[in-house]
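Scroll down for the structure; my scribbles are underneath it.
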Amino acid sequence: MTSMFPKIFSEIALGPHRLKNRVVFGAHTANMSDNGLPGDQHIAYYVERALGGAAMIVVEPMPVHPATVLTRGNFRAGDDAVIPAFRRLTDAVRQHGTVVLQQLYHVGSHGDSDLSYHPHWSPSGGPSYHDSDGSHAMTEGEIEETIEAFVSAALRCRAAGFDGVEVWAAYGGLVDQFWTPFYNRREDGWGGTLENRMRFSREILARIRRRCGPDFIVGLTVSDEPGCPTALTRDQLAEIVARLDGDGLIDYVTCGSGGYFDYGSLMPTFLYPERLGAELSARLKAVVSHALVIAESHIRTPENAEITLGEGAADLVSIVRGQIADPHLVNKARAGRPEDVRGCLSCNQMCWGRRSRDYWISCLINPSVGREAEWGGDRLRPAERPKTVLVVGGGPAGLEVARVAAERGHRVVLAEASDRLGGAFRLAGEQPRRAQILDLIRWYETQLGKHGVEVRLNTYVEGADVAAFGADAVILATGSLPPETGFQKALPDRPTLPGLEKGKVFSAESVMAREARPGSRVVLLDETGGWKGCGTAWKLAEQGHEVLFVTPDPLVGKELQRTSADVPLRRTLKRLGVRFFTETSVESWHGTSAVLVSHLTGATQTVEADGLVMASTNTAVNWLALELAAEGIDFVEIGDGVAPRQAPYAFYEGRVAGMRL
Numbered sequence: 001m002t003s004m005f006p007k008i009f010s011e012i013a014l015g016p017h018r019l020k021n022r023v024v025f026g027a028h029t030a031n032m033s034d035n036g037l038p039g040d041q042h043i044a045y046y047v048e049r050a051l052g053g054a055a056m057i058v059v060e061p062m063p064v065h066p067a068t069v070l071t072r073g074n075f076r077a078g079d080d081a082v083i084p085a086f087r088r089l090t091d092a093v094r095q096h097g098t099v100v101l102q103q104l105y106h107v108g109s110h111g112d113s114d115l116s117y118h119p120h121w122s123p124s125g126g127p128s129y130h131d132s133d134g135s136h137a138m139t140e141g142e143i144e145e146t147i148e149a150f151v152s153a154a155l156r157c158r159a160a161g162f163d164g165v166e167v168w169a170a171y172g173g174l175v176d177q178f179w180t181p182f183y184n185r186r187e188d189g190w191g192g193t194l195e196n197r198m199r200f201s202r203e204i205l206a207r208i209r210r211r212c213g214p215d216f217i218v219g220l221t222v223s224d225e226p227g228c229p230t231a232l233t234r235d236q237l238a239e240i241v242a243r244l245d246g247d248g249l250i251d252y253v254t255c256g257s258g259g260y261f262d263y264g265s266l267m268p269t270f271l272y273p274e275r276l277g278a279e280l281s282a283r284l285k286a287v288v289s290h291a292l293v294i295a296e297s298h299i300r301t302p303e304n305a306e307i308t309l310g311e312g313a314a315d316l317v318s319i320v321r322g323q324i325a326d327p328h329l330v331n332k333a334r335a336g337r338p339e340d341v342r343g344c345l346s347c348n349q350m351c352w353g354r355r356s357r358d359y360w361i362s363c364l365i366n367p368s369v370g371r372e373a374e375w376g377g378d379r380l381r382p383a384e385r386p387k388t389v390l391v392v393g394g395g396p397a398g399l400e401v402a403r404v405a406a407e408r409g410h411r412v413v414l415a416e417a418s419d420r421l422g423g424a425f426r427l428a429g430e431q432p433r434r435a436q437i438l439d440l441i442r443w444y445e446t447q448l449g450k451h452g453v454e455v456r457l458n459t460y461v462e463g464a465d466v467a468a469f470g471a472d473a474v475i476l477a478t479g480s481l482p483p484e485t486g487f488q489k490a491l492p493d494r495p496t497l498p499g500l501e502k503g504k505v506f507s508a509e510s511v512m513a514r515e516a517r518p519g520s521r522v523v524l525l526d527e528t529g530g531w532k533g534c535g536t537a538w539k540l541a542e543q544g545h546e547v548l549f550v551t552p553d554p555l556v557g558k559e560l561q562r563t564s565a566d567v568p569l570r571r572t573l574k575r576l577g578v579r580f581f582t583e584t585s586v587e588s589w590h591g592t593s594a595v596l597v598s599h600l601t602g603a604t605q606t607v608e609a610d611g612l613v614m615a616s617t618n619t620a621v622n623w624l625a626l627e628l629a630a631e632g633i634d635f636v637e638i639g640d641g642v643a644p645r646q647a648p649y650a651f652y653e654g655r656v657a658g659m660r661l
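In the UniProt record's numbering, the protein residues as written are 1 to 661.
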């Protein structure tokens, strides 16, 4: 046991099991089912986290009834075909000394008819906050049917080799809805008094306990939404959990954050404080006498976990996105190597962001996520024949290919034209609250040093330099640059911005690099819908600039909707005084003013400004690739130098190129 994290690496009993440490890989939708069954992709994903040291894994939620199918990748509800398929998963996970459970859920009124083709069922027939549908008020017969559906699902879990189940009573799901007067307006024995509103959950938990046996772990997951007038307060949640604990119905309770009224904190991005679930876990830990308490929500790192456990806020911690980004986080912490942990960025781009579009999840900084079965986990095979590799460009693609190649045993030289690593990704790390990106770049610097990569900064590489170097393999990761034409995608018939020659037009990159002085009153045109424009506007506003935010999209941060960061981002910009001009473009620039044009009406308006900042699609810096191709020198081109895109694809192409060497 490492002395760095004594709380994490102390054992603890849960039911008949003794957990080898205090870290849980909590339930979340990986969306990897194959025709409703767990296949090789899904199994390998969880096995990698078990191999990486997690003491307990709670496999993603199983819909217990056809009314609650919510994603394309959900497992088959009410079908015994899942039993042998999940037996493969539980057998594989247990080989690594990991306790494995499955979460059972019913979303109540918040279903998805496109996927379920079933009416949403709820206590009193309220509206869905997932889509625009209403829901069906359950009859007593349907309540009984649903309770038995939970129990039948738990029995299938036991038959499949799971050590227990976690009943989902969080984020505005059906169990939570029965507890909450806003949702539960029934006047029969299932509503009204707290005892009646708890009857649904009591029946589910008691029947699972009775029919699955005393050695079967029964957990519960809850969440809170402080400040939401219709949600249960922490004191109300504490009373409910205390009653269930007092009756011996639960072995543990997991504490998350957010719900359908506070959706942003359900899967909190870097806009939120860390350890968001620790306050609720501390409140519940004070009222339970039997159940263990697990803190979840924005606990990303071993340090976060040790603090939470050390202050007595929880008995265990659930690190989800942290173990998505680095499945070996626990073992690295145990070995006293926290600096080797690839730190989650809390960006939600490829985990929640892909899930929100109903794809299987991955990770912006770790492309092995979801590809564990295909790539052999998040591990690298030594090269059969070590080579000398020249990597040109030190952005995300170049950093990843250099790391992977060197870790596999190749001799790597990384040439970067500027005086620091990171490329444009580093500029993103200069935006407010995005320092985790800078932490990641420091992680790469550490890894490159450990694996002997020779980093040459301030090294501008031309074709003759490549030929003279004589590398066995040349990797070009030369990146991209902002265009200097002022072209706007929303005005495709105008190749350049009228008035560009008047000056004081800057790229978002030049602002973040502190190369531009846009003046006190700034028009910021954002055609990307993401952090390039939004984060730059935030930075400018925070520095005291008056910012007029112009976008052809119908809302600011359109591309951030998939990550659930858009609402808190817009609140932040508004608090800082940023003015929004949506469905609008810049018709022309006059040096001291901009003419804006509405895409809805065609009307124009003139706004005074000291400078115009443009966040737009970049152009590839590929001249070296063209030169090498003309000279017949072999190379592999990756990242934005091929085509400007978002960071995940640069990391992916870097990983693939490094594995192929």
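Note that beta-carbon positions come from the ideal geometry of N, C-alpha and C, so glycine has one too.
With DSSP collapsed to three states, give me the class of residue i.
i           : result
residue 475 : strand
residue 70  : coil
residue 550 : strand
residue 608 : strand
residue 266 : coil
residue 289 : coil
residue 497 : coil
residue 417 : coil
residue 510 : helix
residue 588 : strand
residue 243 : helix
residue 404 : helix
residue 168 : strand
residue 32  : coil
residue 668 : Coverage of the chain is limited to positions 1 through 661, which leaves residue 668 absent and any answer about it impossible.
residue 655 : helix
residue 175 : helix
residue 619 : strand
residue 560 : helix
residue 234 : helix
residue 463 : helix
residue 598 : strand
residue 637 : strand
residue 628 : helix
residue 42  : helix
residue 480 : strand
For residue i, report the span of its beta strand (DSSP E) as first-last.
i           : result
residue 531 : From DSSP, residue 531 is part of no beta strand (DSSP E) but of the alpha helix (DSSP H) over 531–542.
residue 163 : Taken as a continuous stretch (DSSP letters only), residue 163 belongs to no beta strand (DSSP E), as it is neither H nor E.
residue 223 : 217–224
residue 457 : No beta strand (DSSP E) contains residue 457, which DSSP labels as neither H nor E.
residue 578 : It is not in any beta strand (DSSP E) - residue 578 carries neither H nor E in the DSSP assignment.
residue 307 : Residue 307 -> not in any beta strand (DSSP E); alpha helix (DSSP H) instead, spanning 302–310.
residue 18  : 17–19
residue 691 : The displayed coordinates of the chain run from 1 to 661. Any statement about residue 691 would go beyond what the structure contains.
From what residue to what residue does the alpha helix (DSSP H) around residue i run?
i           : result
residue 254 : Premise fails: residue 254 lies in the beta strand (DSSP E), 252–257, not in any alpha helix (DSSP H).
residue 445 : 435–450
residue 211 : 199–212
residue 575 : 566–575
residue 643 : Segment: none, residue 643 is in no alpha helix (DSSP H) and carries neither H nor E.
residue 425 : 423–429
Look at residue i and residue j and say whether their C-beta atoms are less than 8 Å apart.
i           : j           : result
residue 557 : residue 569 : yes
residue 258 : residue 249 : no
residue 314 : residue 281 : yes
residue 31  : residue 352 : no
residue 292 : residue 252 : yes
residue 414 : residue 456 : yes
residue 387 : residue 661 : yes
residue 534 : residue 555 : no
residue 524 : residue 548 : yes
residue 165 : residue 208 : yes
Q: Would you list, in sequence order, the uninterrupted alpha helix (DSSP H) runs of no fewer than 4 residues that lie entirely inside the region 317–392?
A: 321–325, 329–334, 352–356 and 372–375
Q: Report the residue ranges of all beta strand (DSSP E) runs contained in full by the region 47–132; include only those spanning at least 3 residues, in chain order.
A: 56–63, 99–105 and 120–122
(Q) Any contact between the region 578–597 and the region 486–503? By contact I mean 3 or more CB pairs, one from each, below 8 Å. (A) yes
Q | Three or more C-beta pairs below 8 Å linking the region 502–519 and the region 610–622 | A | yes
(Q) Whether or not the region 317–328 and the region 343–354 are in contact is what I'm after, with contact meaning three or more pairs of Cβ atoms, one per stretch, closer than 8 Å; do they touch? (A) yes
Q | contact_flag[the region 454–470, the region 624–642] where n(CB pairs < 8 Å) is 3 or more | A | yes
Q: Determine, using beta-carbon pairs with one atom in the region 238–249 and one in the region 127–144, whether at least three such pairs fall under 8 Å.
A: no
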